[in-house]
Amino acid sequence: MTKTKRKRLIYNLITFSVVIAAYLILQHMIDAKTITRSLKGQLVPICAWIVMAVSLNLVIGFSGELSLGHAGFMSVGAYTGAVVSGWLLNAFQMENTVLRLVLAIVAGGILAGIAGVVIGIPVLRLRGDYLAIVTLAFGEIIRNLVNVLYIGTSEGHLNFSFLHKNLPESAVILVDGAKGAVKIKPISTFTVGFVLILITLIIVLNLVNSRAGRAIQATRDNRIAAESMGVSVTKYKMMAFVTAAVLAGMAGALYGLNSSTVVPTQFTFNQSINVLVFVVLGGLGNVLGSVISAAFLTVLPEVLREFADYRMLVYAIVLILVMIFTNNPAIRSLVNRLISPVKALLRGRQPSALQGGDKA
Amino acid sequence: MIFLDNLINGLSLGSIYAIIALGYTMVYGIAKMLNFAHGDVIMIGAYVAFCGLQYWGLPPVLAIAVSMIACTVLGVTIEGLAYRPLRQAASLAVLITAIGMSYLLQNTALMIWGANPKSFPTTFINSVSIRLGRLNISIATLITIFANIVIMVSLTLFTAKTKMGKAMRCVSEDRGAAELMGINVNRTISVTFAIGSALAAIAGVLLCSSYPILQPTTGSMPGIKAFTAAVFGGIGSIPGAMLGGVLLGVIEIFGKAYISTELGDAIVFAVLIVVLLVKPTGLLGRPIREKV
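Residue numbers (my numbering), protein chains in the order written: chain A, 747 to 1106; chain P, 34 to 325.
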């Protein structure tokens, strides 16, 4: 086993053990009833945001494209999940909630993946900031479209109508335009969320360490060099983009089925930005970093609740300060001097992608 | 007649987008960063003008001047405190800082002025309107379009003729070479932020004169649209921002009037995507040179 392979294996093992340990501790706390109410309510959203962050990291950190519309895929997943779950319950009287949840998540992933292909074909022809603005535009278009979407179910069929509510009288309304997906039976569980995180980690870590993953990272580091070595840039960027879309759709279904309604305004541009913040603070190309920062930053506003009005203000200031302290060359060299003995011990534990590939 | 009405409304909205887009495009051209906080500078400008008109009893012109000064100071301060330390950093780090700044401004406004929407006093500008046959044009609309033209002409002259304008073009062309030629890059970038922010104040007042609901999130959607407009026209190009802004406004109003009110935004973004696919660097953008 080569040295890099061993390092990678250790990194992956650490990532998995952190997640599994966190799950076991939290599950124990739930069983022992020592968990606070607010944290318990946050568990499923945390799982969803972790999956979102890891999948976005695949696009930004590994494939090097700034995507600002990731929440769009999440909303596709959330709506699909809500509709599929409602349909299975109404048309087939499927009472088994876990099976329904799993089917809804799979359906959410598939539809978001299709959206990813449709969006990826035009988007990945562009570069840099232009690509970013088009992903943003697609995110907003998706939000606008679901805003005028009406879906109901009657006699085992799904009824769709667009722009105007035009559903049969007998239909059970599942999606009601701007009111969003309504009357959802919340069926998401922490355990399913945990399994989804594990699946995400397995997919992403395997992908980035495979031949395809190295090709993806090569297109990030130097597009022209990769192309001249025979790497099909579009194919590999597409692979990363669609995989991320599928995972985001699954996270969306999990997230959507955790509450009784899903409204289009939950998945705005700001939500995409939040996920981007998770990814950047966790470190580009650092999967464990995404997991930790997504979990931490989802819980943080709740912890800051006692500051009430000030919490978003504090959050903003912390964000700016963290970025300045970690990116200013003068401050960084000072910090490096102070921690260089520690760093020597840990050297090489993380992939070298921390600087990002967006300087071009 | 309805067509002309829509066209004029579109031009007016487009002019507002264009003025905001100028701020984005100038900062992008010179500092190579997306200043996501720009939309929120607009909001702060509108709030300051609101205070001037409502609480301090200033005449409109003076209120706008105060708001412009406040925004200029704010813009230069933001640049100096948050963006300057990151001049050498990866562009994503700067982007996140700008997003943090946007949150900071929104929440500061929330604390100072509260979450309740304020209705912007528009009587001074909307009471008069001009009749042209059956067409009814409000003074606000005319002023907006007129302001847009004046700003475009003076900015074009400024960048073409003055020493500072030349310095700006140099920095945007090649920052390193500009520095070697003795141009003070930091000062040039500060001036760019000052101009962009002063324009944002004007845009804020114009925006709230046409759509008089003022709240801490007022700036975000116009900000995103204007950013889109800047990219649409070719980011970094001043005439591009103008063209992009005006076209975007007209498309939005026509889309809402003739296709669907709810899908207005979707139509705007769809047009943007189509344009970028045909012309990947925007309408007036320079093609990206690729060096091996």
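From the three backbone atoms N, C-alpha and C, an ideal C-beta is built for every residue, glycine too.
Per DSSP, residue i is paired with what?
| i | result |
| --- | --- |
| Phe-906 (chain A) | A:Ile-897 |
| Ala-927 (chain A) | A:Val-921, A:Val-1008 |
Specify the secondary structure class of residue i as computed by DSSP and reduced to three states.
| i | result |
| --- | --- |
| Ser-934 (chain A) | coil |
| Arg-319 (chain P) | coil |
| Leu-247 (chain P) | strand |
| Arg-873 (chain A) | coil |
| Ser-253 (chain P) | helix |
| Leu-759 (chain A) | helix |
| Pro-914 (chain A) | coil |
| Ala-778 (chain A) | coil |
| Ser-1039 (chain A) | helix |
| Val-977 (chain A) | coil |
| Glu-112 (chain P) | helix |
| Thr-1152 (chain A) | Examination of residue 1152 (chain A) is not possible in this model, given that chain A is present from 747 through 1106 alone. |
| Pro-791 (chain A) | helix |
| Glu-295 (chain P) | coil |
| Pro-1075 (chain A) | helix |
| Pro-10 (chain P) | The structure shown does not extend to residue 10 (chain P), since chain P spans only 34 to 325, so no value can be given for it. |
| Met-840 (chain A) | coil |
| Asn-217 (chain P) | coil |
| Ile-268 (chain P) | coil |
| Leu-812 (chain A) | coil |
| Arg-826 (chain A) | The sequence given here has Thr at residue 826 (chain A), not Arg. Of the three classes helix, strand and coil, the one that applies to Thr-826 (chain A) here is helix, per DSSP. |
| Thr-1014 (chain A) | coil |
| Leu-1027 (chain A) | helix |
| Arg-801 (chain A) | A quick correction: the sequence has Ser, not Arg, at residue 801 (chain A). Three-state result, Ser-801 (chain A): helix. |
| Thr-261 (chain P) | helix |
| Thr-748 (chain A) | coil |
| Leu-1003 (chain A) | coil |
| Leu-821 (chain A) | Per the sequence presented here, residue 821 (chain A) reads as Ser, with Leu not at that position. Helix. |
Under the rule that 16 or more other beta-carbon atoms within 10 Å means buried, what is residue i, buried or exposed?
| i | result |
| --- | --- |
| Leu-835 (chain A) | buried |
| Leu-789 (chain A) | buried |
| Phe-153 (chain P) | buried |
| Leu-942 (chain A) | buried |
| His-774 (chain A) | exposed |
| Trp-795 (chain A) | buried |
| Tyr-757 (chain A) | buried |
| Gly-315 (chain P) | buried |
| Ser-974 (chain A) | exposed |
| Gln-839 (chain A) | exposed |
| Glu-811 (chain A) | buried |
| Gln-139 (chain P) | buried |
| Phe-69 (chain P) | buried |
| Leu-770 (chain A) | exposed |
| Gln-121 (chain P) | exposed |
| Pro-932 (chain A) | exposed |
| Val-829 (chain A) | buried |
| Thr-195 (chain P) | exposed |
| Arg-846 (chain A) | buried |
| Leu-1034 (chain A) | buried |
| Ser-270 (chain P) | buried |
| Tyr-136 (chain P) | buried |
| Asn-890 (chain A) | buried |
| Glu-915 (chain A) | exposed |
| Trp-89 (chain P) | exposed |
| Ser-801 (chain A) | buried |
| Lys-751 (chain A) | exposed |
| Phe-36 (chain P) | exposed |
Quick check for students: name the residue ranges of the beta strand (DSSP E) that lie wholly in the region 184-211 of chain P, counting only runs of 3 or more.
none
Next on the checklist: Which residues of the region 195-218 of chain P have a Cβ closer than 8 Å to any Cβ of chain A? Give them in chain order.
Outcome noted: none
What residues in the region 134-160 of chain P have a beta carbon less than 9 Å from any beta carbon of chain A? Met-134, Ser-135, Tyr-136, Leu-137, Leu-138, Gln-139, Asn-140, Thr-141, Leu-143, Met-144
4 or more residues per run - each alpha helix (DSSP H) lying fully within the region 37-105 of chain P: 71-87
With 7 Å as the limit, tell me which residues of the region 1069-1089 of chain A have their beta carbon closer than that to any beta carbon of chain P; keep them in chain order.
Met-1069, Ile-1070, Asn-1073, Asn-1074, Pro-1075
Just to confirm the assignment: which complete beta strand (DSSP E) runs, minimum length 3, are found wholly within the region 114-182 of chain P? 162-165, 168-171
Subject >> Proximal residues, the region 83-105 of chain P versus chain A, C-beta separation under 8 Å >> reply: none
inquiry  = Which residues of the region 887-906 of chain A have a Cβ closer than 8 Å to any Cβ of chain P? Give them in chain order.
reply    = Ile-887, Asn-890, Leu-891, Asn-893, Val-894
- Message: Short of 7 Å Cβ to Cβ, which residues in the region 113-127 of chain P face chain A?
- Response: Ala-115, Pro-118, Leu-119, Gln-121, Ala-122, Ala-123, Ser-124, Leu-125, Ala-126
**Message:** Short of 9 Å Cβ to Cβ, which residues in the region 291-303 of chain P face chain A?
**Reply:** Ser-293, Glu-295, Leu-296, Gly-297, Asp-298, Ala-299, Ile-300, Val-301, Phe-302, Ala-303
Mind checking the region 215-246 of chain P against chain A and listing, in chain order, the residues whose C-beta falls within less than 9 Å of any C-beta there? none
- Item | the region 57-86 of chain P: positions lying closer than 7 Å to chain A by Cβ | Leu-67
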